[in-house]
Every structure is written in structure tokens, then in C-alpha cells.
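Sequential numbering of the sequence shown, starting at -6, is according to my numbering.
Note that the Cβ used here is the ideal one computed from N, Cα and C, for glycine as well.
Predicted model, so just to flag it, every value in this text is computed and none were measured.
Okay, structure first, notes after.
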Amino acid sequence: MANYQESAREFEKRWQDYWRENDTYRTPNPGDADFDAAKKKKVILDMFPYPSGVGLHIGHPLGYIATDVKARFERMRGFNVLHSMGFDAFGLPAEQFAIQTGQHPRITTEANIENMLRQLQVIGLGHDPHRRFASTDVDYYKWTQWIFLQLFNSFYDPTVEWKGPQGQTITGRARPIAELRGLLESGEWLLDEDSVPQPKSLIGEGTKAEGKEIDRAIDRGRLAYVDEVPVNWCPMLGTVLSNEEVTNEGKSERGDYPVYKRPLKQWMLRITDYADRLVGDLEGLDWPNGVVEMQKGWIGRSVGARVNFPVALADGGKDKIAVYTTRPDTIFGATYMVLAPEHPLVDALTTADQKDAVAAYRAEVKLAGPVSSKDEANREKTGVFIGAYATNPANGQQIPVWIADYVLMGYGTGAIMAVPAGDQRDFEFAHKFGLPIVATTKPSESWLRANAPDDATDLDDAALLARYETAPGDFKIAQTDIGDTINSANDEVSLNGLSTPDAKAKIIEWLETRNIGRGRVQYKLRDWLFSRQRYWGEPFPVLFDQQTGQVHGVAEAALPVVLPEMTDFKPQSNEDPNSEPEPPLARAKEWMEVTGIVLADGSVLPVDAAVGSTHSHAGADHEVRSFRRDANSMPNWAGSCWYYLRYFDANNDQAFASDAAAAYWANTTDDNGNAKPGAVDLYVGGAEHAVLHLLYSRFWHKVLFDLGYVATPEPFQKLFNQGMITADAYTDARGVYVDIHDVEMRDVDGKKQPFNAKTDEALITVPGKMGKRYKNGIPPEEICDQYTIDTFRTYEMYMGPLDSSKPWQSDAIVGMMRFLSNVWKVATQMERTSDVDGKIETLLHKTIAKVTNDIAELRLNTAIAALIELTNAMTRQNAVHDDHVRALALMVAPFAPHLGEELMSCMAEAEFGSKKSVIKFDWPVFDAEKAKDDEFEVPVQVNGKKRGSIMVAADADQATVEAMAKTDENVARHLEGMQIVKVIYIAKPTPKLINIVVKG
């Protein structure tokens, strides 16, 4: 018979053809004739991949192979396994290519998908092809638009307490937007300082909405709303960028163009309403601790107060500046205020003599260059006094109001109370502009010593503290730690001597009593900016009334809103940071202009009729009005927020998933019968998605959960971050990377050195990532052609722990092919015996236990190591038992599925004919009794030093073991002439050690 490698070249292709022809990996759904409702489910998914034009290199499939191994294993254990892969196909690369070449991004995207599918099929992944889709499919983004409409047509009520479908008590829920009107009209909900509707029971004081104000409040309260917000505007790309698309240098990640902060009207998603639940619900998930902490850190929950500082307007009127502070206990140290340059109160507060200076500073800030977070702490502070004074409500002092670029409109209220003694930025600003610095928190002695002014280093502790209390500005830095409160009292309240937490609680109580402020939980998390000025994205399913400006959702019957066909995809670009966005969709004039009727639920049904005419619908006459579409598109995050749900019922054209499918695939219980909160049982992907993708998906999922469309409060139960496969790259003397295929290793003085095979130039080795930029990416099909597909798969799983980074070593893969060759030899070339070898039987069941547990916990490298040990032991036998070979083949099958199919189809032909695939065979059963060793090697010590070893039966008593130990030749020599004091024998749980203690 041919050897393994030669045989695999034939049978690997044959089995892949067989899988396609027999639809091997199709997973039945509720409602299908072959669906078995009694079967438990497993949903095992990889993070939605983007179909890059470059294709896959050998580092990409690491996680894909791991989930495939896990899915095959769970199928063999009797689970109904949902394992598929679609494509997150909207994205800027395809659009940029379209801009450069004029080729429609759909053509590019579909070609990339086809190439990636080819590569995925090469490595033998068992995905269900019937559940595959791309986020660019019209049938898919119809439901993305539908979910957006659910957000648009909902508001969040934080006061509702309700029972979820799993019986859990939940506080807060999305409700239909129609219900908000009654709450506003009754006064149960008021408008807060930002004109956002809130429950009166939570905010206390507020403004009751009246008349037209109610309509505006309803739009403001939606989970999807339009707002004018500071954005990252890149005029050269003609689009708004997310923070993640801006480099630390304030340039666009793509193209390296300047990015500017400026206010623009954008769609926003009110993710902040879910902040508490996004933090609290992490507790029930099986996620890496690091990811959990990153999620919590990004959300950034803090408890503080919103405080109103009275201020006189330039025209003599009165107003107030609202600030949010996490340290209200330091309010007595607030000596000035700072507004963001674009704060809406700046114009009203600026006095006539400061108008020119304020205008000049605003222009300077706007033209100063791109936004940047790099070296913010070291950036020189700039600002301008606007001529106004606010009243510090704690001490009644008049404090100046400034504008400065270190306060951003997009964070908090766009205003701060500056406490220079307790904040380093305020400290530096106060020093630069000669503003007062008042201490409010007592520092530690170590801090005082470390930061004392040069002329105070000789002072004793008491004198140094006194110096700080009266002149904190003399010290080197601001004191930002917590401590006992000082210099903080008025006629009604004193915080002096209180710890920071106690002082915060007391001042909040005082502020609320005086209606000056209110305790509030605040988040670093901002509402999600959801508009992009691009063509290649989901169109918004909304229409703007051309007469009133009112925004309406498109009627669900009119979905999907399909992208228009275009040939010019380039946004209007220029170098002017003040330019207005002109997205490509705005040029599709016929598509942008819509006539329609407003239905009873407020949605618009497009109709082909003249404006002003009457159109009959559902037995009622409606006036035909003129509307305009939104020229922006959704970000590529939109389609990747919910795709895992579409796998549940990918071909359903009536819902994103039927109720039966959504319930079956989402609900899982633990061993005690308790419902698990996450729908997806295993979710594998890179740690680079640890924050935003997961956060956005959890937000959308919770909205759908609140509205009754999904059964679980969380999308992903177990999250696993796979590591990275690294590889050496090579550069020439200029630092230019050389293609890995042109690198040749040559012996130089007994060492391997890289050379450019084309030029004979010696190269420099650069260890690190694998990728297009470094020219060291090897397509997986190259390795598969050279070593077999199963060898490639098994080697990637064997390289090291799945969650660790590890280097690709081409030389090492030969060892994995040797392992599979030995499996092939055992199964196809070794003689059979009816005698059961006891040692092999014991080792087999130990291996079954280890491989079962290791695959379950994704310790795939150690599972393979156990299989190698078993295989090697079997190759040393003269003959092997069929049962042992069968168990070995079945355990190898998840890693090497082609080999598994080939072996089981030959060894169990009749059974295979019935089951059709190795994935339908039962996983080997572990027998604990058979895993017990009959004999154990026991070290023999004399006075604690090993002098020999003996083989001991598992049930041997101590007397027998002592006698055996004394007969060992080397042990006997060390006992000669000595007196035995005592014998220590460790026998449980299995014989471990005997130590004979002697004296001369």
C-alpha cells in the first residue's frame, strides 16, 4: 500500500468532493424534516472575517481550524452543531479600490469572497454552506436596516423592572417610542439639562415638554437619533472617521491625511443607556479576564455629580454652566471654569472686549491641525478668558470662565470646573495663566516629600503640610490621590476631615438639597456615532420630509432600501477643514428624491405618485409628500453586530430568524439546569476585537432581547482569543522587505543565513508579524500541497497553546506529517490481533480522557501530544487490536478529517455506509477502570536519595514493597551495615515512593 503522503494526495481531494456532493455539513433547523429536537445544540463560531483582496496566509486559519476541530468533536459527541462562516464584506478597502479604478465595490468584494472560500475549502473546514452569507447581500442587509428601525422606533426606560424569558429580573428596558408621548404629556418624564427626556423619578428637577417640543423630545429620546456632535472629519477622504480610524498622530489610518474635530449632524445610537447592563451582565459570561476588564474600562463607569454654576450672560441675563465631576468633594477648590471652544454658551457669555480674542482663538484651534491624543499630557496649554464670571455654588466666589482646547465638547457637558490642586492639566493651565490654586485634599507624607518645592525640602512634616495647605501651587505637580478633605466648608456644610468617599456623599446630599446639583453615574462610553460619508455601506432606512425636516423610518414593507447603481464612488474631497460633507450617494439624484405617504405609525411608504396628490392605502387616503433619503451610509460595524443571529435561520425571508430557530439555537443550560445568558456557545477571534465589536454586538443584542426578538440577554457565552502565528521577515540593506519566496537559507560558517535568491544579497532577519506589508505571508494551499492538508491543520493546532503567539517553523511541520504517517501505518499496515494488550488498553483510555477534556477546553496542542504518545506506543507492538485502532482513528479525525474519513470508511465499511461520515460516528467512551495502571514504577530512596526503582503492583501492601525494595542491588549496597530506623511508603492514590531511613 502507498505511504501516507502519496495516499493523502488522492483521498483528501476525494473526500472534499464527497462532502460537497453529500452535503455532509448541513445542519438541520427546527421545521426541517430531519431535525431532531431532542438533540442538544452547540453554536461554534469564528468572528466574522473581512474578505481581503490579498487572501489568507498561514496565520489566518489558526482560529478557524480550532473551531472546526471543536465542531467535529461535538458532532461526534451527539450534539447538533451550528458551525458556519459568512463575510463582513462592507468596508473601506473595496470602496477605495473602486475610487481608484472605477470598478464597482461589489465586483471586487465578490471576487475576494470567492477566493477566500476557495482557500477555506482547501483546508477542509466543515462549515454549513446553507447558512453562509455576506453582509453586502441585499437579503442580509434588509435585516440590518430592520434592526436599525427597531432602535429608531424605541426608547429606553431605566425604571422598568421585568422578568426575562429565562426568569431573570432585569431593570431597564427598551420600549416602543409611541409610549414616550404619553409619559411626556403627563409630566412623568421631563427634559434634563441636555433636553433629553428622562424619568422625573430619576432626575428630580427638569423641564416639562409642551406642544412641538414634545415631538422634538421624542426624536431626541430614540435609541437611534440625529445630533450635531464633534466628529473626526477628514476632508481629503471626504468622510467622518471613528476614533479607531485615526492614528495617534491625528491622521487617517487609510491615506495618512489630516483629521479635524468639527461639529456635524450625524446618526447616533444611544448605547450609553445600556451602560450599567453592559457592565453588570459580564458577570455571567465565560470570557478572558483581560477582555472583561477592557470592556469595563471602555465603558468607564464613575459616580459623581452634575453641578450647576450660575453665570451672568453678556447681555445681562442669567444662565448656568453645567459640569459633571467625579470629584464633587473638591468643589471648594474650583477656581476657574473652562468651556470647550464650540460650547453653545460661549457666544452668549463672551463680553464685547473679549470677542476678538475669543474669535481668534477659535479660529486658531480649528486651523491648528489635526486632532491627536498623542503626547496630550505634554502639550502646551492654550486658552482665552471670555470675560465672564461664574459663581462657585459652594463658596460663592466669582471665578473666571475660559475656553481651551483641552476641554472637548464630545465629553461630559463640554465644560469643567477647574480644580488645579487636584488635576494636572488644570494645574499646568493655572500656572501658565496665573490662576489661583486651592488645596482641598490632604496628601500623604511621602507625596509631600517627593513633590516638595526646592526651598522646602528641609521643613519637618507638619511645616511641609502647612506649606501645602496654603500654597499648593508651589509643589511640583497636582495631588490627584484621595485623602482627608481640607479647606472645604461654608456656613451650611463642612467636608473638612472627611475621607474622599464620605466627603463626596455629603456634598452631593447638600447640592441636591439646595437644587444646585445632583448625584449622577457617568460613563466614559459615548453614544455610538453611526454615520459614514461613503457609498459602500448599508443605506439608512429613513426619509426626511422636505417641508418640515421631520425624520421618518421607512415602512418595513418597503425594505430593503437598496444601494443605487453608481460609477463614481468618490466623496468630494479637499483640503478645507470647514468644507461640508458631500457623500457619493448625494449624487444619485433619482434615488435620493422620494415621494411617499406617512402611515399611522409614523413610517413612510414610498409611492409612485405626484407630490400633493392623494394615495389610497389600507382603506385610507393619504397625502403624497416629498422626502429625501439620507446620503450617509452605516459603518461596517452595523452588519457585524448581529450576523451570528442570522446563522440561526439564514434563508428566512420573513424574519432574521424564526421564533423556533432563535429559541433552539440560543438557549443553553449548564449541568445544573440553569439557563446560560449567552446564545453562542463558543466564539473565537482575535483580541483586537476585545472592545468595540463585542460592545456593539452586546448592545444590539440587548435591544433585541428587550423587544422580545431573542431569548438570551447576551450574544456570546464563551469567548476565546486565539494567539498569533508569527514569522520571520527579511529586508535588504535599504530596509526594503523581500518576498519570502525569494529568500534562500544558506550555510555560512556553520550557521543558516538568509540570502536573496535572485540577487545573492545577504538579508537581515526581522522577527514579528506575518502579513502583506512584511512580504512573509505564505498561502495555506502551498503548505497543504507540500505536506498534505491534514498535516497543515494538525501542525497549526500542535504549535503551542491556542491563546499564545508562536513562530511558524517550516522544519517542524515534518514531525507532524510523521505522526499522521504513523497513524496511517497503524491503521493500514500493521497486523491485527484478537488479544488485548493491557498496557495499550490502559494508555488508550487515559488518552481518551485527556483528548476529550483537552478538546473541550481547547487545549488542542496537548491533545495531539497525547495522541502522538498513544500512536508511538502502538507502532512498537507486533500487532494491534481493531478496537484500539478504531479509537485512535476517531480521536485523530477532528484534527485530520480527511484521514479520519479514509480510515473509518475502510475499517467500518458497513457502518460508514449507514452513517455517511466520520462525524456521525460516536466518540470513544472512556472507561475509568480500564485507565487504571496494574503496575507502577516506584522510586526507592535511602535517606532521601534515590538509589533505585522497582515495579510494584497497584494493590501491593507495604511489607511486600519493602521486601522488593531491599532486594534491589544498589539499594542493598546502601543498606549494608546500616540500621533501619523507619520506612516511609507513599501508596495513595497510587504507589509513589518508598524511603528507607537508616543510621550507621
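Which class does Ser365 belong to by DSSP, given the choice of helix, strand or coil? Position 372 of the sequence shown, counting from 1, holds the residue named residue 365. Low per-residue confidence applies at Ser365: pLDDT is 47, beneath 50, and the placement is therefore not dependable, though the value from the model is reported in the following sentence. Residue state, collapsed to three classes: coil.
Would you say the region 111 to 121 touches the region 689 to 705, given that touching needs at least three Cβ pairs under 8 Å? No contact exists between the region 111 to 121 and the region 689 to 705.
Can you tell me the Cα-Cα spacing of Val412 and Asp474, whole angstroms? For the purposes of this step, residue 412 is taken as residue 419 along the sequence shown, with counting starting at 1. For the purposes of this step, residue 474 is taken as residue 481 along the sequence shown, with counting starting at 1. Straight-line Cα distance between these residues: approximately 13 Å.
Among all the DSSP beta bridges, which residues are the ones paired with Gln391? Residue numbering aside, residue 391 sits at position 398 when the sequence shown is read from its first letter. Thr384, per the DSSP bridge assignment.
Span of the beta strand (DSSP E) around Ala946: Along the sequence shown, one-based indexing puts residue 946 at 953. First-last of the beta strand (DSSP E) with Ala946: 938 to 946.
Looking only at its chain, what residues have a beta carbon closer than 7 Å to the beta carbon of Ala350, apart from the 5 residues adjacent to it on each side? Walking along the sequence shown from the start, residue 350 turns up at place 357. Shown here for Ala350: same chain residues with a beta carbon closer than 7 Å to its own, the five before and five after excluded, namely Val377 in chain order.
Using 7 Å as the threshold, is the C-beta distance between Ala924 and Lys985 below it? Stepping through the sequence shown from its first residue, residue 924 is reached at position 931. Stepping through the sequence shown from its first residue, residue 985 is reached at position 992. Going by C-beta atoms, Ala924 is not nearer than 7 Å to Lys985.
Which same chain residues, not among the five before or five after Ala548, have their C-beta less than 7 Å away from its C-beta? For the purposes of this step, residue 548 is taken as residue 555 along the sequence shown, with counting starting at 1. Closer than 7 Å at Cβ, skipping near neighbours: Leu592, Ser596, Val597, Leu598.
I'd like to know whether the C-beta atoms of Gly56 and Val741 end up nearer to each other than 7 Å. Locating residue 56 in the sequence shown gives position 63, counting from the first residue. Locating residue 741 in the sequence shown gives position 748, counting from the first residue. No, Cβ-Cβ distance for Gly56 and Val741 is not below 7 Å.
If we count the other Cβ atoms within 10 Å of its Cβ and call it buried at 16 or more, is Glu789 buried or exposed? Taking the first residue of the sequence shown as 1, we reach residue 789 at position 796. Residue environment: Glu789 is assigned as buried (16 or more neighbouring CB atoms within 10 Å of its CB, all protein chains considered).
Buried or exposed (CB count within 10 angstroms, at least 16 for buried), Gly546: Translated into the one-based positions of the sequence shown, residue 546 becomes position 553. Counting Cβ neighbours within 10 Å, Gly546 comes out buried, since at least 16 surround it.
If we ignore side chains and look at the alpha-carbon of each, how far apart do Leu712 and Asp796 end up? Walking along the sequence shown from the start, residue 712 turns up at place 719. Walking along the sequence shown from the start, residue 796 turns up at place 803. Rounded to the nearest whole angstrom, the CA to CA distance from Leu712 to Asp796 is 11 Å.
By the three-class DSSP mapping on this structure, what secondary structure does Ala965 have? Numbered from 1 along the sequence shown, position 972 holds the residue referred to as residue 965. DSSP places Ala965 in helix when its eight states are reduced to three.
Would you kindly work out how many angstroms separate the C-alpha atoms of Lys33 and Val918, rounded to a whole number? Taking the first residue of the sequence shown as 1, we reach residue 33 at position 40. Taking the first residue of the sequence shown as 1, we reach residue 918 at position 925. Roughly 19 Å between the two C-alpha positions.
Extent of the continuous alpha helix (DSSP H) run through Thr137: In the sequence shown, the residue the question calls residue 137 occupies position 144. Unbroken alpha helix (DSSP H) run through Thr137: 131 to 145.
Could you tell me the alpha carbon to alpha carbon distance between Asn645 and His123, rounded to whole angstroms? Residue 645 sits at position 652 when you count from the first residue of the sequence shown. Residue 123 sits at position 130 when you count from the first residue of the sequence shown. Their Cα atoms are separated by approximately 11 Å.
On the criterion of 16 or more Cβ atoms from any shown chain inside 10 Å, does His734 qualify as buried, or is it exposed? By 1-based counting over the sequence shown, the position of residue 734 is 741. Per the 10 Å Cβ criterion, exposed.
Looking only at C-alpha atoms, which of Tyr780, Met810, Glu14, Asn73 sits nearest to Thr661? The count along the sequence shown starts at 1 and reaches residue 661 at position 668. Taking only the C-alpha atoms, the option nearest Thr661 is Asn73.
With a 10 Å radius around its C-beta and 16 neighbouring C-beta atoms as the bar for buried, classify Gly180 as buried or exposed. Locating residue 180 in the sequence shown gives position 187, counting from the first residue. Under this definition Gly180 is an exposed residue.
Val673 versus Gly277 - alpha carbon distance: To locate residue 673, count along the sequence shown from 1; it is residue 680. To locate residue 277, count along the sequence shown from 1; it is residue 284. In this structure, the straight-line span from the alpha carbon of Val673 to that of Gly277 is close to 13 Å.
Roughly how many angstroms lie between the CA atoms of Tyr317 and Pro577, to the nearest whole one? Here residue 317 is taken as the residue at index 324 of the sequence shown, counted from 1. Here residue 577 is taken as the residue at index 584 of the sequence shown, counted from 1. Their backbone Cα atoms lie some 39 Å apart in a straight line.
Name the DSSP bridge partner or partners of Ala167? For the purposes of this step, residue 167 is identified with residue 174 of the sequence shown, where counting begins at 1. Ala167 pairs with Tyr149.
How long is the line joining the alpha carbons of Ala949 and Ala958, rounded to whole angstroms? Position 956 of the sequence shown, counting from 1, holds the residue named residue 949. Position 965 of the sequence shown, counting from 1, holds the residue named residue 958. Rounded to the nearest angstrom, the two C-alpha atoms are 12 Å apart.
Where Arg19 falls: helix, strand or coil (DSSP): Position 26 of the sequence shown, counting from 1, holds the residue named residue 19. Residue state, collapsed to three classes: coil.
Is it true that the region 383 to 400 meets the region 290 to 298, where meeting means three or more beta-carbon pairs spaced less than 8 Å apart? Counting Cβ pairs under 8 Å, fewer than three are found: no touch.
By the three-class DSSP mapping on this structure, what secondary structure does Gln112 have? Within the sequence shown, numbered from 1, the residue matching residue 112 stands at position 119. In the structure shown, Gln112 sits in a helix (DSSP, three-state: H, G or I).
Using the Cα positions of Lys313 and Val300, report the straight-line distance between them to the nearest angstrom. Within the sequence shown, the letter at position 320 stands for residue 313. Within the sequence shown, the letter at position 307 stands for residue 300. Rounded to the nearest whole angstrom, the CA to CA distance from Lys313 to Val300 is 9 Å.
Measuring CB to CB, does Leu401 end up less than 7 Å from Ala298? The count along the sequence shown starts at 1 and reaches residue 401 at position 408. The count along the sequence shown starts at 1 and reaches residue 298 at position 305. It is not a contact, given that the beta carbons lie outside the stated cut-off.
DSSP beta-bridge partners for Val591? Counting from one through the sequence shown, the residue named residue 591 turns up at place 598. According to DSSP, which records beta bridges pairwise, Val591 is partnered with Val597.
Do you know how far the Cα of Lys843 is from the Cα of Leu851? Counting from one through the sequence shown, the residue named residue 851 turns up at place 858. Counting from one through the sequence shown, the residue named residue 843 turns up at place 850. One C-alpha to the other measures close to 12 Å.
Judging by CA-CA distance, which residue of Ile51, Gly95, Ile100, Asp132 is the nearest neighbour of Asp642? To locate residue 642, count along the sequence shown from 1; it is residue 649. The residue from Ile51, Gly95, Ile100, Asp132 with its alpha-carbon nearest to that of Asp642 is Asp132.
Counterpart residues of Ile973 in DSSP-defined beta bridges: Here residue 973 is taken as the residue at index 980 of the sequence shown, counted from 1. Per DSSP, Val991.
Taking 7 Å as the threshold (C-beta atoms), are Val974 and Lys992 in contact? For the purposes of this step, residue 992 is identified with residue 999 of the sequence shown, where counting begins at 1. For the purposes of this step, residue 974 is identified with residue 981 of the sequence shown, where counting begins at 1. The Cβ atoms of Lys992 and Val974 sit closer than 7 Å to each other.
Would you check if there are 3 or more beta carbon pairs closer than 8 Å linking the region 489 to 508 to the region 320 to 337? Cβ pair count under 8 Å is three or more, so yes.
In three-state DSSP terms, what is Asn73? What you label residue 73 is simply residue 80 of the sequence shown in a count that begins at 1. Secondary structure at Asn73: strand, using DSSP grouped into helix, strand and coil.
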